[in-house]
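Asks:
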Amino acid sequence: MTDLGKKHNPNARIINVCVLAGFFIAGLCVYFPSFSIPYFFFDDKAAIIDNPAIRDFSNVSAIFNAFNTRFIAGWTYALNYTFGQLNPFGYYCVNISLHLINTVLAYYFLRMVLASPVNKHYPHDKTTAFLASMVFLLHPVQTDAVNYISQRIVLLTTFFCLGAFICYIKFLVTKGRGVYLLSVVLTIAAMFCKEVAFTLPFMIILIEALFFTTPHNFHLKKVFRIVPFLLCLLIIPYLLSRSHADLVPMSAIASINDTQGVSEVDLLRAGGTTGLSRAEYALTQVHVHGTYLRLLLFPMTQNIWYDYPITQAVDIKTLIGLCIIMLILATAVFAIKKFRLLAFCVLAYFLLLSIESSVIPIAHVIAEYRLYFSTLFFGLFFVLLVEMIFQNRKLFKIIVVSFIIFLAILTLSRNLLRADEILFWKDAALKSPNNAKVQTNLGYAFISKGKYEEAITPFLKAHKLRPDEQTYQNLGTVFIYVGQYDVAEDYLLEALTLAPDNYQFYFSLGLLHFKENDFGGAITNYNKALECSPDNVEIYRELCIVYRQMGDIEAAGGCYERLLELQPDSLIFHKLYMGFLSDQKDTGRLEKYRLKYPEFFKSMVN
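Quick note: to get the numbering used here, add 296 to the position in the sequence shown (first position is 1).
Following this line, the structure appears as structure tokens:
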């Protein structure tokens with residue numbers, strides 16, 4: 297399929313099997329720690345944990361309204377939820393599988409490019425494609441996209457883009473209308489994964505212009521067949537222009553809330569929104585590009601959340617950086633004729649980063665997952681450059697394989713670190729000590745492990761760095777856990793003065809009063825929380841506990857029934873209600889439950 301007219305190798309099938317096995321084994325060797333990561337990250341809270349749209353994968357309309365330009369990713373979350381609810385294992389399995397599949401697609405795509413008519417005399421297409429794909433698979437910078445469930449949008453976008461490239465190149469060779477149509481369909485699908493798919497049509501133009509077009513074979517049909525891909529560019533602007541009450545504001549998504557063990561207290565760590573102008577963002581990206589290149593070459597200082605300085609005016613360092621970027625791009629353009637493959641790598645690398653690392657302000661100025669797709673072209677550039685410098689094939693392979701092994705060791709180390717939530721955030725706090733959000737997440741990691749005393753220090757640091765309502769609430773919450781109720785109340789009341797409509801502050805006050813056995817105060821605050829968040833299941837769950845403790849069985853039963861109305865498919869809530877009915881020996885309510893939820897009743901009884 298990928299040799300594009302080259303002589304058929306009778307051992308091709310065996311080679312392909314060995315290559316695929318190599319990808320599979322290498323990928324699992326470095327990503328096996330990820331299967332045991334017991335928690336979600338950042339945007340996973342809003343996109344998955346607290347998102348009712350994913351509770352039913354057949355409700356396409358609800359998923360579309362909730363995810364908009366990330367609809368396909370949302371639908372895959374819904375599938376995950378269907379089979380495993382909120383068990384992180386299934387979500388990580390899908391992400392790792394997508395990364396392995398993308399590596400296979402990358403390999404075949406690179407083989408097709410390296411075996412294109414322009415490169416027909418290049419003899420090492422399979423080896424080069426394999427080594428470059430290994431860099432893509434094993435580079436530690438990829439761990440951010442693979443281990444960050446919400447960044448499945450990056451993995452899916454890459455999947456559809458590579459599929460579109462392969463189908464389009466196949467069309468250029470075979471003229472088959474079916475693969476051409478499939479490439480258009482895959483392009484449309486990519487537009488429903490992430491906004492960076494906007495670069496896909498331009499990548500197709502770049503691929504055809506560099507590898508399948510010469511002055512002798514150019515004709516108007518080449519222009520017309522690109523038109524459907526260019527029309528796909530209208531999809532993303534249309535989706536972004538939609539206004540719907542159910543749309544998830546992706547720029548304001550909160551970070552993770554662990555639902556195991558501490559779900560009664562939601563420690564918000566909202567992802568920051570940007571107040572940067574386009575000029576400030578663009579100037580900062582000049583330095584970000586330098587950081588990205590350093591990470592690709594020497595990925596020893598990875599960080600989940602950079603405390604990155606903002607460039608507000610043009611200085612000499614920024615000017616030099618901008619000149620270097622322009623020089624690299626200009627050199628790539630002028631080197632197309634003589635060093636076409638290297639030029640392609642440079643142009644593709646910057647093109648894929650152009651949406652998120654140029655002039656469009658995004659909440660975080662730097663994020664490692666943005667390098668995911670571009671890493672493929674860094675890998676190809678690295679392999680080609682080493683091959684060019686070292687003519688001795690044995691020495692060339694030793695250098696490249698050594699680099700790949702180096703990357704694999706770092707990736708395994710990064711994944712092992714990520715599997716331990718406390719160590720992971722300690723590492724981030726060490727690298728970004730002045731980032732309040734990092735300190736907050738470290739505090740939350742301690743709380744998730746029941747280490748409440750240890751959580752106080754990072755929460756205090758976060759409060760000192762950013763004394764807002766959220767850090768007040770976090771401190772109030774942790775002091776509840778350590779039994780310092782007076783201190784906790786002071787912090788929570790201060791939080792309420794800053795944000796009187798935030799249900800979580802009332803929620804925490806309700807918990808505080810409950811701990812003090814002040815059930816009336818607990819109910820008052822929980823009801824105030826409900827006024828701010830009427831359908832919040834966690835509030836109703838806590839009310840169930842309070843009413844049962846008070847002996848108000850009627851009110852407790854009503855709260856349990858409300859829980860089931862809000863989440864009728866929740867096995868946990870059904871078990872809680874059945875336990876309540878069994879304890880109270882309430883045969884009337886039990887019969888009503890049996891008639892309303894016969895399947896759940898049957899499963900509980902059996």
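Glycine is no exception: its CB is placed at the ideal position from the N, C-alpha and C atoms.
If you're wondering where the values come from, they're calculated on a predicted model, not measured in any experiment.
For Asp782, verify whether its CB is less than 7 Å away from any heavy atom of the ligand ATP.
Replies: Summarising the ligand content, the structure contains no ligands, and the ligand ATP is consequently not present.
Asks: Kindly give me the distance between the Cβ atoms of Tyr770 and Thr736, rounded to whole angstroms, as I take these residues to be in contact under 8 Å.
Replies: Mapped onto the sequence shown, residue 770 falls at position 474. Mapped onto the sequence shown, residue 736 falls at position 440. A quick correction: the sequence has Asn, not Tyr, at residue 770. With 8 Å as the limit, Asn770 and Thr736 qualify as a contact, their Cβ atoms being about 6 Å apart.
Asks: So the candidates are Ile700, Val734, Val610 and Leu808; which of them puts its Cα closest to the Cα of Ile776?
Replies: To locate residue 776, count along the sequence shown from 1; it is residue 480. For Ile776, the nearest C-alpha among the options comes from Leu808.
Asks: Would you kindly work out how many angstroms separate the C-alpha atoms of His870 and Leu860, rounded to a whole number?
Replies: Your numbering for residue 870 matches position 574 in the sequence shown. Your numbering for residue 860 matches position 564 in the sequence shown. About 7 Å.
Asks: Three or more beta-carbon pairs under 8 Å between the stretch 626-636 and the stretch 389-408, yes or no?
Replies: As far as the Cβ criterion goes, the stretch 626-636 does not touch the stretch 389-408, which means the pair count is below three.
Asks: Which of helix, strand or coil does DSSP assign to Phe803?
Replies: Counting from one through the sequence shown, the residue named residue 803 turns up at place 507. Helix.
Asks: In this structure, how does DSSP classify Phe353 when only helix, strand and coil are distinguished?
Replies: In the sequence shown, residue 353 corresponds to position 57, counting from 1. Three-state result, Phe353: coil.
Asks: Measure the CB-CB distance between Pro334 and Pro413 and report whether it falls below 8 Å.
Replies: Working through the sequence shown from its first residue, we reach residue 334 at position 38. Working through the sequence shown from its first residue, we reach residue 413 at position 117. No. Outside cutoff.
Asks: Classify Glu576 as helix, strand or coil using the three-state DSSP reduction.
Replies: Taking the first residue of the sequence shown as position 1, residue 576 is located at position 280. Helix.
Asks: Is there contact here, the stretch 367-375 with the stretch 844-862, by at least three beta-carbon pairs under 8 Å?
Replies: Judged by Cβ distances under 8 Å, the stretch 367-375 makes no contact with the stretch 844-862, as fewer than three pairs qualify.
Asks: Kindly list the residues whose CB is nearer than 6 Å to the CB of Leu826, restricted to its own chain and excluding five residues on each side of it in sequence; keep chain order.
Replies: As a working mapping, residue 826 is identified with position 530 in the sequence shown. Excluding positions up to five away in sequence, the list reads Ile835.
Asks: Going by C-alpha to C-alpha distance, which of Tyr464, Ala485, Val313 and Glu750 sits closest to Val475?
Replies: As a position in the sequence shown, residue 475 is number 179, starting the count at 1. Of the candidates Tyr464, Ala485, Val313 and Glu750, the one whose C-alpha sits nearest the C-alpha of Val475 is Tyr464.
Asks: Is the stretch 774-788 close to the stretch 732-749, with three or more CB pairs under 8 Å?
Replies: Output reads yes: the stretch 732-749 touches the stretch 774-788.
Asks: Shortest alpha-carbon distance to Leu839 belongs to which of Leu406, Phe456, Val315 and Ile819?
Replies: The count along the sequence shown starts at 1 and reaches residue 839 at position 543. Comparing Cα positions, the closest option is Ile819.
Asks: Just the C-alpha distance for Ala349 and Ala362, rounded to the nearest angstrom, thanks.
Replies: As a position in the sequence shown, residue 349 is number 53, starting the count at 1. As a position in the sequence shown, residue 362 is number 66, starting the count at 1. Each residue's Cα considered, the two are about 7 Å apart.
Asks: Count the other CB atoms within 10 Å of the CB of Arg689; is the residue buried (16 or more) or exposed (fewer)?
Replies: Start at 1 with the first residue of the sequence shown, and residue 689 comes out as number 393. Exposed is the call here.
Asks: For Leu877, count neighbouring C-beta atoms within 10 Å of its own C-beta (all shown protein chains included) and say buried if the count is 16 or more, exposed if not.
Replies: As a first step, residue 877 must be located in the sequence shown, where it is residue number 581. So Leu877 ends up on the buried side.
Asks: Looking only at its own chain, which residues have a Cβ that is under 8 Å from the Cβ of Phe508, when we skip the five neighbours before and after it?
Replies: The sequence position of residue 508 within the sequence shown is 212, counting from 1. Once the five neighbours on either side are set aside, the close Cβ partners of Phe508 are Ser412, Pro413, Val414, Ile465 and Leu468.
Asks: Less than 8 Å separating the beta-carbons of Asn731 and Thr439?
Replies: Working through the sequence shown from its first residue, we reach residue 731 at position 435. Working through the sequence shown from its first residue, we reach residue 439 at position 143. Going by C-beta atoms, Asn731 is not nearer than 8 Å to Thr439.
Asks: Which ranges would you report for the alpha helix (DSSP H) in the stretch 453-489 if only whole runs of at least 4 residues count?
Replies: Complete alpha helix (DSSP H) runs here, min 4: 473-487.
Asks: Of all the alpha helix (DSSP H) runs that stay within the bounds of the stretch 685-760, which reach a length of 4 or more residues?
Replies: Taking only runs of at least 4 residues, the alpha helix (DSSP H) segments lying wholly in the stretch 685-760 are 689-714, 717-727 and 732-744.
Asks: Apart from the five residues on each side of it in sequence, which residues of its chain come closer than 6 Å, Cβ to Cβ, to Leu649?
Replies: On the sequence shown, position 353 is the one that residue 649 refers to. Excluding residues within five positions, the ones whose Cβ falls inside 6 Å are Ser670.
Asks: Under a three-way DSSP split, which group does Arg909 fall into?
Replies: Residue 909 falls outside the range modelled here, since the chain spans only 297 to 902, and no answer is possible.
Asks: For Asp339, report the span of its alpha helix (DSSP H) as first-last.
Replies: As a first step, residue 339 is located in the sequence shown; it is residue number 43 there, counting from the start. Careful: Asp339 lies outside any alpha helix (DSSP H) and carries neither H nor E.
Asks: Using a Cβ-Cβ cut-off of 8 Å (strictly less than) and excluding sequence neighbours within five positions of Gly323, which residues of its own chain qualify?
Replies: Along the sequence shown, one-based indexing puts residue 323 at 27. Once the five neighbours on either side are set aside, the close Cβ partners of Gly323 are Ile392, His395, Leu396, Thr399, Leu433 and Leu434.
Asks: Are the CB atoms of Thr607 and Thr597 within a distance shorter than 8 Å?
Replies: Mapped onto the sequence shown, residue 597 falls at position 301. Mapped onto the sequence shown, residue 607 falls at position 311. Their beta carbons are not under 8 Å apart, which means Thr597 does not touch Thr607 by this criterion.
Asks: With DSSP collapsed to three states, give me the class of Ile359.
Replies: For the purposes of this step, residue 359 is identified with residue 63 of the sequence shown, where counting begins at 1. Ile359 falls in the helix class under three-state DSSP.
Asks: Whose C-beta lies closer than 6 Å to the C-beta of Tyr802 among residues of the same chain, with five residues either side of it excluded?
Replies: Within the sequence shown, numbered from 1, the residue matching residue 802 stands at position 506. The residues are Asn821, Lys824 and Ala825.
Asks: When the distance is taken between beta carbons, is Ala485 closer than 8 Å to Ala665?
Replies: Along the sequence shown, read from residue 1 onward, the residue named residue 665 stands at position 369. Along the sequence shown, read from residue 1 onward, the residue named residue 485 stands at position 189. As written in the sequence, residue 665 is Tyr, which differs from the Ala given in the question. No, Cβ-Cβ distance for Tyr665 and Ala485 is not below 8 Å.
Asks: Assuming Leu637 contacts Leu592 (C-beta within less than 8 Å), just tell me the rounded distance between them.
Replies: Counting from one through the sequence shown, the residue named residue 637 turns up at place 341. Counting from one through the sequence shown, the residue named residue 592 turns up at place 296. About 18 Å separates the two Cβ atoms, so there is no contact after all.
Asks: What did DSSP end up calling Phe328 once you bin it into helix, strand or coil?
Replies: As a first step, residue 328 is located in the sequence shown; it is residue number 32 there, counting from the start. Helix, per DSSP.
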